[in-house]
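For reference, each letter of the sequence shown is one residue, going 33 to 277 in our numbering. Even glycine gets a Cβ: it sits at the ideal position worked out from N, Cα and C. Below is one structure, written out as structure tokens; comments come after it.
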Amino acid sequence: MGWEEHSIISLYTFPPTFGLRNVSPFCLRIEMALKYLGIPFEVVLEHNPAKGPKNKLPFIKSNHEIIDDSELIYLHLDQLSNGGLYGELSHTELGVGCAFTRLIDDHLYWLIVASRWLDDTWFPNVYDGFFASFPPILRNLISTLARRQMRKTLDLQGLGRHTLDQQKDFARRDLGALVHALSDSQYIVGNKMSVFDFSVSSMLSGLFDNRPGTWMTTIAEEFPELQYYAERIQSEVGVYGRAQP
Ligand SMILES: N[C@@H](CCC(=O)N[C@@H](CS)C(=O)NCC(=O)O)C(=O)O
């Protein structure tokens, strides 16, 4: 069945926070893919990731089926659109794209998380952004427990064990790798826009458009070519990470 006969897709994403229309780059990339493919969809704002099958957002409802994880959702959309996301990519492009996705999702993203949750001066923004809707007497307790859990996660992941200066240098090397990838082409793989540009540009929007900026935003500003790239991809697709003024 093609998407023409498909009921409208519901995309569950977080509400705007930190100056971002969608605080999750994983949700934003799916919105970009849906818009790019021209698949009709509705955005459902959801505060609580526990509504998702694995306690995370995004997930989609597609013909009564629930699919989570941005990569699994991409694969589903690719199938619905007869190869609209991956069909034209070579094996090399698929391999390089997969490697860059792992770089941003499993490394750069965790530095973004660290810059929001571990920095005592920035954490009040997390408190206001994520916990303001809880009853006042629960707010402090829940945010303290959530922060403790995040510290543990970052410790297990490994990046949380490095000093701040070491984390900053890891971020510079990640961003430098993206700059190198983009030095020969306007796109992450090949010579035209692909699904991997949605993943990379949405993650970059989470850095450049985060308000107020974190120490990761300051590091990202050392790489203006990446901001230019992220803006260009968002404008080519017509989906932006920034919250509407
Ligand atoms: N691998 C997942 C990652 C999704 C993810 O980490 N979502 C975060 C928000 S950016 C989340 O829902 N976190 C809630 C939690 O872990 O409790 C994907 O690609 O969709």
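Original post:
What are the partner residues of Trp-44, as DSSP defines its beta bridges?
Top reply: According to the sequence as given, residue 44 is Tyr; it is not Trp. DSSP, once it has assigned bridges, lists Val-76 and Phe-91 as partnering Tyr-44.
**OP:** Have a look at Leu-207, Ser-231 and Leu-52 and flag the residue whose alpha-carbon is nearest the alpha-carbon of Phe-255.
**Re:** Ranking the options by Cα distance to Phe-255, first place goes to Leu-207.
Subject >> Shell residues, 5 Å Cβ cut-off relative to heavy atoms of ligand 1 >> reply: Here the residues come out as Ser-56, Phe-58, Pro-81, Lys-88, Leu-89, Asp-101 and Ser-102.
**OP:** Quick one: residues in its chain with C-beta nearer than 6 Å to the C-beta of Gln-259, no 5 flanking neighbours on either side, listed in chain order?
**Re:** So the list reads Phe-240, once near-sequence residues are dropped.
**OP:** Report, in whole angstroms, the separation of the C-beta atoms of Gly-270 and Lys-93, which I expect to be a contact under 8 Å.
**Re:** Not really, about 23 Å apart at Cβ, beyond 8 Å.
**OP:** Could you name the residues of the same chain whose beta carbon sits closer than 7 Å to that of Pro-85, not counting the 5 residues immediately before and after it, in chain order?
**Re:** Excluding residues within five positions, the ones whose Cβ falls inside 7 Å are Phe-91, Ile-98 and Asp-100.
Original post:
What span of residues does the alpha helix (DSSP H) with Asp-160 cover, start to end?
Top reply: Note, Asp-160: alpha helix (DSSP H), 155–163.
**OP:** Just mark Arg-148 as buried or exposed, buried being the case when its beta carbon has 16 or more other beta carbons within 10 Å.
**Re:** So Arg-148 ends up on the buried side.
Subject >> In DSSP terms, what Ile-99 is bridged to >> reply: Bridge partners of Ile-99: Ile-92.
Subject >> Cβ contact check for the region 220–232 and the region 37–49: 3 or more pairs under 8 Å >> reply: With the cut-off at 8 Å, the region 220–232 and the region 37–49 do not touch.
Original post:
Taking the alpha helix (DSSP H) that Gly-245 falls in, what are its first and last residues?
Top reply: Secondary structure note for Gly-245: it is in no alpha helix (DSSP H), with a DSSP letter that is neither H nor E.
**OP:** If I'm right that Cys-59 touches Leu-89 with Cβ under 8 Å, what's the distance once you round it to whole angstroms?
**Re:** With a Cβ gap of about 6 Å, Cys-59 and Leu-89 count as contacting.
Original post:
So Phe-240 is in the alpha helix (DSSP H); what residue range does that whole segment cover?
Top reply: Annotation for Phe-240: the continuous alpha helix (DSSP H) segment containing it runs 227–240.
**OP:** Determine the burial state of Gln-199: buried for a count of at least 16 other Cβ atoms within 10 Å of its Cβ, exposed for fewer.
**Re:** Note on Gln-199: 16 or more other CB atoms within 10 angstroms of its CB, so buried under the neighbour-count rule.
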